[in-house]
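S.K.:
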Amino acid sequence: MIIASNSLTNPAIGTIFWAVIIFSLFFLILTKFAWKPILSMLKQRDDMIKGSLKAAENARKEMKQLQSDNEMILKKAREEREDILKEARDIRDKLIAEARGRATHEAAKIVDDAKAGIEREKAKALSEIHDHIATLSVEIASKLLVEKLNRTGEQEKLIRKYIDDINLNKN
Amino acid sequence: MKTHLAAFVFFSLLLLLLPGIISGQHNSHRQESEAHGKAEMEFNASEFILDHISDSHEWHIMTLGEGEHAKHISLYLPVILYSRETGLHFFSSRKLTHGHEYKGFRLMEEGDLKGTIVTVKANGEVDEENIPLDFSMTKTVIGMLAAAIIGLWIFLALSRSYKKNGISHPKGIQSLLEPIICFIRDDIVIPNIGYKKHGKFMPYLLSVFFFILINNLMGLIPFPPPFGANVTGNIAVTMTLAVFTFIIIQINGNKSYWRHIFATPGVPFWLLPIMIPVEIIGMIAKPFALTVRLFANITAGHIIVMSLLALIFIFNSLAVAPVSILFVIFMDCLELLVAFLQAYVFTLLSTLFISLAIVEEHH
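Chains G and D supply the protein sequences, listed in that same order. FYI, the numbering for the first sequence is 363 to 533, going by the numbering used here. FYI, the numbering for the second sequence is 2 to 364, going by the numbering used here.
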């Protein structure tokens, strides 16, 4: 009974009227001057945070990429150095081998030449000695002969025989 | 410095808007007190409570003295009446105190028409056929107006601080209100309405949330005016807010929403004459639920607090006061929660109802 007769549960027209005006103004003014700028600012901030996070992530990825790139370049350089060193070693070895080969060859040739020279000189010397000996023998013989021939005719015979012998030897 | 200035402007505005406010004292009507004698001395708890809960043309602050020496200190609010015969009237409610007649109007103090302003015939009888339309700025209206002004002040200041701060981290008042705004956006609106359309409804939902919240909180502060009015516990106010939601739903309702009302899919043709009224009842039940939920929750809170205070006068003993006050403090803590909760619930349900009306049909 109290409730039914009270203004409590009967919406009063005047209150509705004022509520409509006050709330409409509250809503319209705040929409224009508060909610829109505030919400757009919040959105901008959200976007910026999102963008910054994304940029950081990208930078991180790029950094990683760069690092791996660097590593690859380093690896490549190391490999190249290895190759160059190997090549150099090969060339050196080859050069040494070549030089050694040529030297051996040269030495052998020199030795051969020397041997041949020696042989030749030896032959020459031998023939000279031969001649010399013949001459000396003749001289000796002549001297001996000169002395002996003076004594007997027998000697003359002997000499003749020797000379014949020599001639025979020689031939 | 700036806040002091704003507070000053706010209170001067309030005073300017209320030309009818005059604080005054007067003696209680002698004849009346004599007629009722001892009976009036007895404390009537329901009257005590309902006087606080219901709307009033004056804002009663306190009563000094007892019985015939009682002095009432009140703010007298402006009365605006429209009568079909005599047109528009504008005067202070002071003119109508204690059954005084003014310009042929009288404020009823008893009976079924208690609290309404009626026209009085030449012979002194109440003309029940011809009750004027009452557009007075009552206690509820003043409380609501003050809440709106405080809300405007807070959020325009917030907007200004956003303009000043740009998109850097929140400072000052921003740190207090931004989490609430973000909560409404991220946990109420976007999950229900979706990111694509949420921008369209955010301003209304934020407005309604903070309007209810500020009014709820101001209603919890007992003193001085403009605090302590039972604004969100006034059915006219909650109905107005619910009707706003209702209108927004009808404006934004898509084809599928209307089809579900007037040609519910999967329902045989001959059942439609039954289905359409049912759907229309469902349509109206939503704002009705919003109206009654907010009204009943806030009014119930005020009634409990007033009942606990009434205990002191029922037992007529000061010894009850500490117990009462302890319970009132407990209830106020609970009401603080309810103030936020009901603002949240109203916003959440409004969002849900809107989302149901704009949801894309997918079968």
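Backbone N, C-alpha and C fix where the C-beta goes; we use that ideal spot for every residue, glycine too.
1) If we define contact as Cβ-Cβ less than 8 Å, is residue 425/G a contact residue for chain D?
2) What residue does the beta strand (DSSP E) around residue 1/D start on, and which one ends it?
3) Going straight from the alpha carbon of residue 347/D to that of residue 252/D, what length do you get?
4) Taking only beta carbons into account, state which residues of the segment 384–399 of chain G come closer than 8 Å to chain D, listed in chain order.
5) Does the structure place the segment 292–309 of chain D close enough to the segment 235–244 of chain D that three or more beta carbon pairs sit under 8 Å?
6) Work out the CA separation of residue 277/D and residue 260/D for me, nearest whole Å.
7) Quick one: what's got a C-beta closer than 8 Å to residue 117/D's C-beta in the same chain, skipping five residues either side?
8) Does the separation of the CB atoms of residue 315/D and residue 46/D fall below 8 Å?
9) Given that a residue counts as buried once 16 or more other Cβ atoms are within 10 Å of its Cβ, and exposed if not, what is residue 169/D?
10) Do you know offhand how far residue 239/D's Cα is from residue 324/D's?
11) So, are the CB atoms of residue 221/D and residue 370/G less than 8 Å apart?
12) Just tell me which of 82/D, 87/D, 88/D, 86/D has its CA closest to the CA of residue 97/D.
13) Output, in chain order, the set of chain D residues within a Cβ distance shorter than 8 Å of residue 404/G.
14) Which one of 434/G, 528/G, 456/G, 444/G has the shortest CA to CA distance from residue 496/G?
15) Suppose contacts are defined by Cβ-Cβ distances below 8 Å. Is residue 160/D in contact with residue 400/G by that definition?
16) When the Cα of residue 63/D is compared with those of 141/D, 208/D, 71/D, which residue comes out closest?
17) Given that a residue counts as buried once 16 or more other Cβ atoms are within 10 Å of its Cβ, and exposed if not, what is residue 298/D?
18) Would you mind working out which of 113/D, 205/D, 186/D sits nearest residue 196/D, comparing C-alpha positions?
19) Taking Cβ-Cβ distances shorter than 9 Å, what residues in chain G pair up with residue 245/D?
20) Just how far apart, CA to CA, sit residue 303/D and residue 250/D?
21) So what does residue 60/D bridge to, in DSSP terms?
22) Any idea if residue 455/G is buried or exposed, counting beta-carbon neighbours within 10 angstroms, 16 or more meaning buried?
23) Name the DSSP bridge partner or partners of residue 88/D?
24) Nearest-angstrom Cα distance between residue 266/D and residue 377/G?
25) Specify the secondary structure class of residue 127/D as computed by DSSP and reduced to three states.
26) Note down, in chain order, each residue of its chain lying with its Cβ closer than 7 Å to the Cβ of residue 341/D, except the 5 sequence neighbours on either side.
27) Under a CB-based cut-off of 8 Å, is residue 133/D close to chain G?
28) Is there a Cβ of chain G sitting closer than 8 Å to that of residue 240/D, yes or no?
29) Among residues of its own chain, excluding the 5 on either side of residue 1/D, which ones have a beta-carbon nearer than 8 Å to its beta-carbon?
30) Taking Cβ-Cβ distances shorter than 7 Å, what residues in chain A pair up with residue 284/D?
31) Could you name the residues of the same chain whose beta carbon sits closer than 7 Å to that of residue 30/D, not counting the 5 residues immediately before and after it, in chain order?
32) Does residue 407/G have its Cβ less than 8 Å from a Cβ in chain D?
33) Which same chain residues end up closer than 8 Å to residue 436/G when comparing Cβ atoms and leaving out the 5 residues on each side of it in sequence?
34) Spatial neighbours of residue 139/D within its chain, please: CB distance less than 7 Å, with the 5 preceding and 5 following residues excluded, ordered by chain position.
35) Residue 260/D lies in the beta strand (DSSP E); which residues open and close that run?
36) Compute the Euclidean distance between the alpha carbons of residue 463/G and residue 485/G, then round it to the nearest angstrom.
M.R.: Put simply:
1) Not one chain D Cβ lies under 8 Å of residue 425/G.
2) Limits of chain D in this structure are 2 at one end and 364 at the other, which puts residue 1/D out of reach.
3) The straight-line gap from Cα to Cα measures roughly 19 Å.
4) Listed in sequence order: 384, 385, 387, 388, 389, 391, 392, 393, 395, 396, 397, 398, 399.
5) Because the criterion of three Cβ pairs below 8 Å is met, the segment 235–244 of chain D and the segment 292–309 of chain D touch.
6) For residue 260/D and residue 277/D, the gap between their C-alpha atoms comes out near 10 Å.
7) Answer for residue 117/D: 108, 109, 132, 135, listed in chain order.
8) Yes, they are a contact pair.
9) Label assigned to residue 169/D: exposed.
10) A straight line joining the alpha-carbon of residue 239/D with that of residue 324/D spans about 33 Å.
11) When the beta-carbon positions are compared, residue 221/D and residue 370/G stay at least 8 Å from each other.
12) Per the Cα distances, 82/D.
13) Chain D residues near residue 404/G: 179, 182, 183, 186.
14) Here the closest residue by C-alpha is 528/G.
15) For residue 160/D and residue 400/G, yes; Cβs fall inside 8 Å.
16) Nearest C-alpha to residue 63/D: 71/D.
17) Counting other Cβ atoms within 10 Å of its Cβ, residue 298/D reaches 16 or more and is therefore classed as buried.
18) The option with the nearest alpha carbon to residue 196/D is 186/D.
19) By Cβ distance, chain G contributes 382, 385, 386, 389.
20) Their Cα atoms are separated by approximately 31 Å.
21) The partner list for residue 60/D (beta bridge, DSSP) reads 76/D.
22) It counts as exposed.
23) Paired residue(s): 84/D.
24) When rounded, the distance between both Cα atoms is 41 Å.
25) Here residue 127/D carries a strand assignment [DSSP, helix/strand/coil].
26) Counting only Cβ-Cβ distances below 7 Å, and skipping sequence neighbours, we find 214.
27) No - not a single Cβ of chain G is within 8 Å of the one on residue 133/D.
28) Yes, residue 240/D lies at the interface with chain G (some Cβ there is under 8 Å from its Cβ).
29) Nothing can be reported for residue 1/D, as the shown portion of chain D is limited to 2 through 364.
30) The chain inventory of the structure shown lacks chain A, comprising the protein chains G and D.
31) Note on residue 30/D: pLDDT 40, under 50, position unreliable in the model; the coordinate value appears next. Closer than 7 Å at the Cβ level, and outside the excluded window around residue 30/D, lie 99.
32) Yes, because at least one Cβ of chain D sits closer than 8 Å to the Cβ of residue 407/G.
33) The answer is none, since no qualifying residue turns up.
34) Cβ within range, chain order: 56, 57, 58, 78.
35) Not the beta strand (DSSP E): residue 260/D falls in the alpha helix (DSSP H), residues 256–263.
36) Computed Cα separation, rounded: 32 Å.
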